[in-house]
Ligand SMILES: *[C@@H]1O[C@H](CO)[C@@H](O)[C@H](O)[C@H]1NC(C)=O
Ligand SMILES: *[C@@H]1O[C@H](CO)[C@@H](O)[C@H](O)[C@H]1NC(C)=O
Ligand SMILES: *[C@@H]1O[C@H](CO)[C@@H](O)[C@H](O)[C@H]1NC(C)=O
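In our numbering, the protein residues as written are 1046 to 1270.
Structure representation (structure tokens):
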């Protein structure tokens, strides 16, 4: 399909409308002041998507991450705590592994809406207010202190994070952006071996493929117009 200028205008408008409805759709979070490692902890996460929201055509689930700031660097999701939660589920339980962050780390829970047609990706991140992780025994790797991310937050569960961190410190000692195949392979093995089994292997959801394709087209149009 080739989009003429009128189509572009219409699609850009629809894409913008989608973005605004997403902002309006913001719900709310209720997380404890402290979260103790290895203790199942209940959170309330309301993605706030209206029953008739267009977002439901592109997303039917969200992912829950642990987000923190390595010393001297910005906040970002590090690893997933729950791979996929249905959009309307608000009552969820997470367990933060002991070896992800040091004791007393200020952290946030982060969420992102999962794309129906590409379960590995989310449409952006929202963050809760901060919480303190108690009892952790993780240590920041040199790689993180140098400002690099460890693996991908959509591939690595928090259970696999410490293992992946060790890969980076073992194989990726050069302080540059070059891709290190041994480090990458090692990180992928950590994810394969340690991610909870109900995680990344979950089924592809292929309904509404046309709507998803349309949304991707809109995104392309937005970036290039
Ligand atoms: C959170 O943990 C800190 C440090 O252990 C403690 O002083 C504080 O009372 C805790 N707050 C709550 C609300 O549990
Ligand atoms: C949340 O889930 C837990 C167990 O999964 C249950 O015990 C609790 O009653 C639920 N709370 C609400 C408000 O639904
Ligand atoms: C961190 O704590 C966990 C859980 O208590 C324990 O299994 C693990 O061996 C500890 N790791 C280190 C490096 O102390």
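Every residue gets a Cβ at the ideal spot worked out from N, C-alpha and C, and that includes glycine. Everything numeric in this text was worked out from a predicted model, so none of it was measured.
(request) Tell me where the alpha helix (DSSP H) around residue 1215 begins and ends. (result) The residue you call residue 1215 lines up with position 170 of the chain shown. Note, residue 1215: alpha helix (DSSP H), 1203-1216.
(message) Distance check for residue 1153 and residue 1112, CA to CA, integer angstroms please.
(response) Counting from one through the chain shown, the residue named residue 1112 turns up at place 67. Counting from one through the chain shown, the residue named residue 1153 turns up at place 108. Going from the Cα of residue 1112 to the Cα of residue 1153 covers about 5 Å.
(request) Please report how far the alpha carbon of residue 1149 lies from the alpha carbon of residue 1177, in whole angstroms. (result) Residue numbering aside, residue 1149 sits at position 104 when the chain shown is read from its first letter. Residue numbering aside, residue 1177 sits at position 132 when the chain shown is read from its first letter. Rounded to whole angstroms, residue 1149 to residue 1177 spans 6 Å at the Cα level.
(message) Please report the straight-line C-alpha distance between residue 1196 and residue 1168, rounded to a whole angstrom.
(response) Taking the chain shown and counting its residues from 1, the one referred to as residue 1196 is at position 151. Taking the chain shown and counting its residues from 1, the one referred to as residue 1168 is at position 123. When rounded, the distance between both Cα atoms is 18 Å.
(message) Tell me the rounded alpha-carbon separation between residue 1099 and residue 1163.
(response) Taking the first residue of the chain shown as position 1, residue 1099 is located at position 54. Taking the first residue of the chain shown as position 1, residue 1163 is located at position 118. Distance between the alpha carbons of residue 1099 and residue 1163 is about 17 Å.
(message) Less than 8 Å between the C-beta atoms of residue 1171 and residue 1155, yes or no?
(response) Position 126 of the chain shown, counting from 1, holds the residue named residue 1171. Position 110 of the chain shown, counting from 1, holds the residue named residue 1155. A contact, by the Cβ cut-off of 8 Å.
(request) Give me the Cα-Cα distance between residue 1075 and residue 1089, rounded to the nearest whole angstrom. (result) Along the chain shown, one-based indexing puts residue 1075 at 30. Along the chain shown, one-based indexing puts residue 1089 at 44. Cα to Cα, the separation comes out at about 5 Å.
(message) I'd like to check one pair, residue 1241 with residue 1204: are the Cβ atoms closer than 8 Å?
(response) Sequence index remark: in the chain shown, residue 1204 carries index 159 (1-based). Sequence index remark: in the chain shown, residue 1241 carries index 196 (1-based). Contact: yes.
(message) Taking 7 Å as the limit between beta carbons, can you name the residues of its chain near residue 1077, skipping five residues before and five after?
(response) Counting from 1 along the chain shown, the entry for residue 1077 is found at position 32. Within the same chain, residue 1077 has close Cβ partners 1086, 1176.
(message) Once DSSP output is grouped into helix, strand and coil, what is the label at residue 1132?
(response) Along the chain shown, read from residue 1 onward, the residue named residue 1132 stands at position 87. Residue state, collapsed to three classes: coil.
(message) Please output, in chain order, the residues near ligand 3 using a CB cut-off of less than 6 Å to any non-hydrogen atom of the ligand.
(response) 1083, 1143, 1144, 1182
(message) Taking the straight line between their C-alpha atoms, what separation do you get for residue 1234 and residue 1160?
(response) Along the chain shown, read from residue 1 onward, the residue named residue 1234 stands at position 189. Along the chain shown, read from residue 1 onward, the residue named residue 1160 stands at position 115. Near 25 Å, if we compare the C-alpha coordinates of residue 1160 and residue 1234.
(request) With DSSP as the reference, label residue 1190 as helix, strand or coil. (result) Sequence index remark: in the chain shown, residue 1190 carries index 145 (1-based). Looking at residue 1190 - three-state DSSP - the assignment turns out to be helix.
(request) State the CB to CB distance for the pair residue 1126 and residue 1110, rounded to an integer number of angstroms; the pair is presumed to be in contact (CB under 8 Å). (result) In the chain shown, counting from the first residue as 1, residue 1126 sits at position 81. In the chain shown, counting from the first residue as 1, residue 1110 sits at position 65. So it is a contact: roughly 6 Å between Cβ atoms.
(message) 8 Å is my cut-off, CB to CB: does residue 1131 come that close to chain C?
(response) Considering every chain present, this structure includes no chain C. It has just one protein chain.
(message) Strictly closer than 7 Å from CB to any heavy atom of ligand 1: give me those residues in the order they appear in the chain.
(response) 1078, 1079, 1177, 1179
(message) In this structure, how does DSSP classify residue 1095 when only helix, strand and coil are distinguished?
(response) For this step, residue 1095 is matched to residue 50 along the chain shown. Three-state DSSP puts residue 1095 in coil, outside helix and strand.
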